[in-house]
Amino acid sequence: MDKKTHYPAGAWLALIAALSFSMKAIFVKLAYHWPIEAVTLLTLRMAFSLPFFAAVGLCESRRAQPLSSRQWLIVVLLGLLGYYGASIFDFVGLRYISASLERLVLFSYPALTLVFGAVFFAQRIGRREAGAMLLCYAGIAAAFAHDLRLAQDMSAVWIGGGFVFASSVCYAAYLAGGGRLIPILGASRFSAFALLVSTGATLLHFLLTQSLQALHQPWQIYALALAMAMFSTVLPVFALAAAIRRIGPGRASLISTAGPVMTIGLSWAVLGEPISFWQWIGTALVVAGVLLVSRK
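Going by full-length UniProt numbering, the sequence shown opens with residue 1, and the numbers climb by one from there.
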């Protein structure tokens, strides 16, 4: 397959990944129509995803050298941050704020990844990166202003926004640390191991805080959790990995900036959430910031 064939396939895979990730908030908001705890919903999502990532981890391990003790320690730490900590904070935050605002706040992770790189790995933050961070946070502020103006309980917007921002911090730390380990382990192997760690942590959290009666949910919850596992976990992880192999991480990340716009459109079409001028301004600023930081 030549480069001309590689690019369209890679671009479509990256777009599919962006759309799939954008659907996660919609699935969560739909599930919250029933009285279900965030950890129970996350447990169902991770349990449905487990067989796929276990199979990938097993296949990749057969073809590679075993991890050292230090590498296992880093994988466990990053798995706890990236797919357990980030997910549980995100699911809790979605109880309080709209899906569209959640996606904008969560999209602050590229700028936060730069901060972690500078603090822990001595990577320089230039003027362009600093400008990108300012654009991202200006966009989040504009979207926050919209939700605060419409909210009956302003504290709920702050609480939900705080949880989702904590999710973004966890995911940025996962990306910053994973960037050092992925070249050694490989993207698929690292992602599979990190997701297996997060699944174990999620199941332990559930067993410590919930009874097994919490799993007695209506079939709609199981259907939404299965859809979230297939279309917002397994599919985008592998689609994004395939896209990066074809067109590189830079182009793949540029295409992923369609994510917030997709989430706003889906939240309007599926959830009936209003779309305002300030939301579009916030989205444009956040997307501009990510585009700026993604350019070579």
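Here a beta-carbon is modelled for each residue, glycine too, at the ideal position from N, C-alpha and C. The model shown is predicted, which means the values in this text are computed figures rather than measured ones.
Segment limits, alpha helix (DSSP H) that includes residue i
i, result
"I125", "It is not in any alpha helix (DSSP H) - I125 carries neither H nor E in the DSSP assignment."
"D90", "86 to 93"
"A269", "No alpha helix (DSSP H) contains A269, which DSSP labels as neither H nor E."
"L181", "154 to 185"
Distance between residue j and residue i (C-alpha atoms, nearest Å)
i, j, result
"Y137", "P183", "30 Å"
"L106", "G259", "11 Å"
"W12", "A243", "8 Å"
"L101", "R63", "42 Å"
"G265", "S68", "45 Å"
"F270", "L226", "Note that residue 270 is Val in the sequence shown, not Phe. C-alpha separation (whole angstroms): 18 Å."
"residue 302", "L185", "Any question about residue 302 goes unanswered here, given that the chain covers just 1 to 296."
"I36", "V234", "23 Å"
"C59", "P236", "19 Å"
Distance between beta carbons of residue j and residue i, contact taken as under 8 Å
i, j, result
"A18", "M230", "So it is not a contact: roughly 16 Å between Cβ atoms."
"A31", "I221", "6 Å"
"V197", "V56", "So it is not a contact: roughly 14 Å between Cβ atoms."
"T113", "A176", "5 Å"
"G178", "L78", "6 Å"
Counted within 10 angstroms of its Cβ, other Cβ atoms place residue i as buried (16 or more) or exposed
i, result
"P110", "buried"
"D2", "Low local confidence applies: a pLDDT of 49 at D2 is under 50, so the model's placement there is unreliable, and no value is given."
"P274", "exposed"
"R124", "exposed"
"M154", "exposed"
"T202", "buried"
"A239", "buried"
"T283", "buried"
Assigned secondary structure, residue i (DSSP; H/G/I helix, E/B strand, else coil)
i, result
"Y109", "helix"
"G282", "helix"
"L50", "helix"
"H146", "helix"
"D2", "Confidence at D2 is low in this model, with a pLDDT of 49, below 50, so the placement of that residue is unreliable and no value is reported for it."
"H12", "It should be noted that the sequence gives Trp, not His, for residue 12. Three-state DSSP puts W12 in a helix."
"W34", "coil"
"Q210", "coil"
"I97", "coil"
"P236", "helix"
"A64", "coil"
"A288", "helix"
Neighbour flag for residue i against chain C, beta carbons, 8 Å
i, result
"I184", "The chain inventory of the structure shown lacks chain C, comprising one protein chain alone."
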